[in-house]
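Colleague: Sequential numbering of the sequence shown, starting at 17, is according to my numbering.
Quick one: the structure is below, questions incoming.
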Amino acid sequence: MSAADRETRQNGEVQRLNQILTGRRSTIVQYLAESALNVVLYPDEVLEIRRHLEAFIAKLASASGTQDLDLLLCTVYMQRLRFILPKNAEGVSSTPYRIFMASLIVYLRYYYDVSPKNLKWAKWSNMENRGSFSFTLEQVNSMERNLLRQLDYDLRMTEKDVSSRLEAFSTYERFAELTSESKVGHKLPRHESAWEQRKGWHNPHLWQVAQSEGI
């Protein structure tokens with residue numbers, strides 16, 4: 017198969033997957049928030065930001081025009097980060113925002129010839145109608161550099177990476193629907209969702225990041 021044929025086939029697959037994901041943006045945003053919050057361990061008060069985090073993710077996704085498939089695939093870097101971070105570091109309130117934003121910026125920069133400049137990302141991060149929250153250009157530059165260093169500048173993705181993220185999202189979506197339909201009476205621990213409990217995804221002793229690392 018020629019390079020041109022291979023590219024055409026890959027583009028066709030991307031279009032097919034984006035069509036499959038059409039109409040599921042809300043669940044994708046929830047999944048991204050879940051992914052960012054589960055890279056590290058947070059105090060209870062930090063976990064209260066989830067709705068604000070979802071609004072932040074939705075705004076950046078919309079402002080940047082990022083497709084659903086690309087949003088899902090940036091979680092590959094979040095997944096890798098979970099296994100790289102030191103065990104004794106601690107997450108802070110800005111950490112999940114930084115993790116998501118840096119992952120998306122790095123992903124788009126690597127896989128697309130043209131992607132938004134960091135000045136744009138800084139502007140889009142402004143959540144003035146939700147507590148005057150925003151990142152400066154210097155902070156955006158810093159979080160991007162730090163994520164690249166954490167990943168050792170290896171941003172390549174394999175077909176296995178792609179399929180595993182799609183499978184993880186599908187599993188999350190199914191269990192979210194089941195949990196909603198069952199209306200379970202008991203309340204799970206704050207740090208653990210029904211999906212995490214079933215999948216064994218959350219480990220309270222791993223994946224914390226220091227604010228000094230800029231992520």
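Each residue gets a CB set at the ideal place from its N, CA and C atoms; glycine is no exception.
Spatial neighbours of Ala-74 within its chain, please: CB distance less than 6 Å, with the 5 preceding and 5 following residues excluded, ordered by chain position.
Modeller: Within the sequence shown, the letter at position 58 stands for residue 74. Excluding residues within five positions, the ones whose Cβ falls inside 6 Å are Val-45.
Colleague: Beta-carbon within less than 6 Å of Ser-131's beta-carbon, same chain only, minus the 5 sequence neighbours each way: which residues are those?
Modeller: Position 115 of the sequence shown, counted from the start, is the residue given in the question as residue 131. Taken in chain order, the residues that qualify are Leu-124, Arg-125.
Colleague: Please identify the residue among Glu-175, Leu-194, Trp-137 whose C-alpha is closest to the C-alpha of Asn-157.
Modeller: On the sequence shown, residue 157 is found 141 positions in, with the first residue counted as 1. If we check each option's Cα against that of Asn-157, Trp-137 comes out closest.
Colleague: Quick check on DSSP: helix, strand or coil for Phe-151?
Modeller: The count along the sequence shown starts at 1 and reaches residue 151 at position 135. Of the three classes helix, strand and coil, the one that applies to Phe-151 here is coil, per DSSP.
Colleague: Less than 7 Å between C-beta atoms, sequence neighbours within five positions excluded: which residues of the same chain meet that for Asp-177?
Modeller: Indexing the sequence shown from 1 puts residue 177 at position 161. For Asp-177, where only same-chain residues beyond five positions count, the Cβ hits under 7 Å are Val-92.
Colleague: Cutting at 7 Å between CB atoms, please list the residues of its own chain near Val-233, excluding the five before and the five after it.
Modeller: Past the edges of the chain, shown from 17 to 231, lies residue 233, and the structure says nothing about it.
Colleague: Just to confirm, are Tyr-113 and Ala-52 a CB contact at a threshold of 9 Å?
Modeller: The count along the sequence shown starts at 1 and reaches residue 113 at position 97. The count along the sequence shown starts at 1 and reaches residue 52 at position 36. Yes, they are a contact pair.
Colleague: Ignore the nearest five residues each way along the sequence and tell me which others in Val-119's own chain have a CB closer than 6 Å to its CB.
Modeller: As a position in the sequence shown, residue 119 is number 103, starting the count at 1. First, the amino acid is wrong: residue 119 is Ser here, not Val. Here the set comprises Cys-90, Tyr-93, Met-94.
Colleague: Using the C-alpha atoms, what's the distance from Ser-109 back to Ile-65?
Modeller: The sequence position of residue 65 within the sequence shown is 49, counting from 1. The sequence position of residue 109 within the sequence shown is 93, counting from 1. Using only the alpha carbons, I get a separation of about 8 Å.
Colleague: Between Thr-43 and the rest of its own chain, which residues show a CB-CB distance below 6 Å, the 5 nearest in sequence each way excluded?
Modeller: For the purposes of this step, residue 43 is identified with residue 27 of the sequence shown, where counting begins at 1. Correct list, in chain order: Glu-189.
Colleague: Can you give the beta carbon distance from Phe-191 to Leu-88, rounded, assuming they're within the 8 Å contact cut?
Modeller: Locating residue 191 in the sequence shown gives position 175, where the first residue counts as 1. Locating residue 88 in the sequence shown gives position 72, where the first residue counts as 1. In fact, because the Cβ distance is near 16 Å, the residues do not count as touching under 8 Å.
Colleague: Please determine, among Arg-67, Leu-57, His-68, Ser-78, the residue with the shortest C-alpha to C-alpha distance to Arg-41.
Modeller: In the sequence shown, counting from the first residue as 1, residue 41 sits at position 25. Arg-41 has its Cα closest to that of Ser-78, out of Arg-67, Leu-57, His-68, Ser-78.
Colleague: Look up Met-173 in the DSSP assignment and say whether it is helix, strand or coil.
Modeller: Position 157 of the sequence shown, counted from the start, is the residue given in the question as residue 173. Met-173 falls in the coil class under three-state DSSP.
Colleague: Which word fits Tyr-58, buried or exposed, when buried means at least 16 other C-beta atoms lie within 10 angstroms of its C-beta?
Modeller: Residue mapping note: residue 58 aligns to position 42 of the sequence shown, counting from 1. Tyr-58 is buried by the Cβ-count criterion.
Colleague: Name the residue from Met-143, Asn-162, Leu-164 whose alpha carbon lies nearest to the alpha carbon of Glu-70.
Modeller: Residue numbering aside, residue 70 sits at position 54 when the sequence shown is read from its first letter. When only C-alpha atoms are compared, the closest one is Met-143.
Colleague: Quick check: the Cα distance between His-193 and Arg-67, rounded to an integer number of angstroms?
Modeller: Counting from 1 along the sequence shown, the entry for residue 193 is found at position 177. Counting from 1 along the sequence shown, the entry for residue 67 is found at position 51. Reading off the sequence shown, one finds Glu at residue 193, where the question assumed His. Their backbone Cα atoms lie some 18 Å apart in a straight line.
Colleague: Once you ignore the five residues that flank Arg-181 on each side, which residues in its own chain have a CB closer than 7 Å to its CB?
Modeller: Residue mapping note: residue 181 aligns to position 165 of the sequence shown, counting from 1. Excluding residues within five positions, the ones whose Cβ falls inside 7 Å are Leu-88, Leu-89, Thr-91, Val-92.
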